[in-house]
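Residue numbering for the sequence shown follows the numbering used here, starting at 95 and increasing by one per position.
Beta carbons are placed, not taken as given, at the ideal position from N, Cα and C, and that holds for glycine.
Comments concern the structure below.
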Amino acid sequence: MYQVKGYFSSLKGSHYDIGKQQGEFVKNHSYLIPQFIQLDHLVSDNFWSESRNILNQYCSGINEEIEGFCEVLKIPSKHMMYYYQTLLKAGCSHCVVLPKKTDSKHTYVLRNYDLSPKIDDMR
Numbered sequence: 095m096y097q098v099k100g101y102f103s104s105l106k107g108s109h110y111d112i113g114k115q116q117g118e119f120v121k122n123h124s125y126l127i128p129q130f131i132q133l134d135h136l137v138s139d140n141f142w143s144e145s146r147n148i149l150n151q152y153c154s155g156i157n158e159e160i161e162g163f164c165e166v167l168k169i170p171s172k173h174m175m176y177y178y179q180t181l182l183k184a185g186c187s188h189c190v191v192l193p194k195k196t197d198s199k200h201t202y203v204l205r206n207y208d209l210s211p212k213i214d215d216m217r
C-alpha cells in the first residue's frame, strides 16, 4: 500500500487572482508542473479557441484563472493541460453552480476524484 498526500485550498479574489494563487502553489510544488503543462503535441489553434469559447460559455472566469496561473509560471496559456483534458476519457466529474442559483450569490465549483493519484494533483 502506498500513501497519497492531498491538499486543501481556500482561494479568494478575482478569477485572475485565484489563478495566480494556484500558480504560486504549483511553482512551490514543482513536481506538479508536468501535470499542468503540455509542451509537446500542442492542440491546433482551432481546438484551443473552441475550448476557450466553450469554457467562457459554461464556466465564465476559468480562462482568466488560467491566464493568472500562466503569468506566475511564465508560460503561454495554450500550453495548459486543462485545455487538453477535454480529450481525456476520465471518470472525474465537474460541476459549476452559478451565482444566480445560490443563496450567497457565489460561484461554486465541485469536483470528485475518480482519477488515479498518478494523473491528478489531489486538490
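CA-to-CA, the gap between residue 122 and residue 116 works out to about 10 angstroms. Excluding five sequence positions before and after residue 177, the CB atoms of its chain that fall closer than 7 angstroms to its own CB belong to 137, 142, 145, given in chain order. Assignment of residue 202 by DSSP, reduced to helix, strand and coil, places it in the strand class.
In this chain, residue 166 is not harboured by any beta strand (DSSP E); it is covered by the alpha helix (DSSP H) spanning 156–167.
For residue 120, the enclosing alpha helix (DSSP H) covers residues 109–122. In the same chain as residue 201, and ignoring 5 residues on each side of it, the C-beta atoms closer than 8 angstroms to its own belong to 155, 190, 191, 192, 193, in chain order.
Burial is judged here by how many other beta carbons sit within 10 angstroms of a residue's own beta carbon; residue 95 has fewer than 16 and is exposed. The DSSP-derived three-state label of residue 175 is helix. In its chain, beyond the 5 residues on either side, 156, 157 have a beta carbon closer than 6 angstroms to the beta carbon of residue 149.
Note on residue 127: under 16 other CB atoms within 10 angstroms of its CB, so exposed under the neighbour-count rule.
DSSP places residue 143 inside the alpha helix (DSSP H), whose first and last residues are 139–152. When the beta-carbon positions are compared, residue 112 and residue 162 come within less than 8 angstroms of each other. Between residue 203 and the set 153, 168, 114, 125, the nearest pair of CA atoms involves 153.
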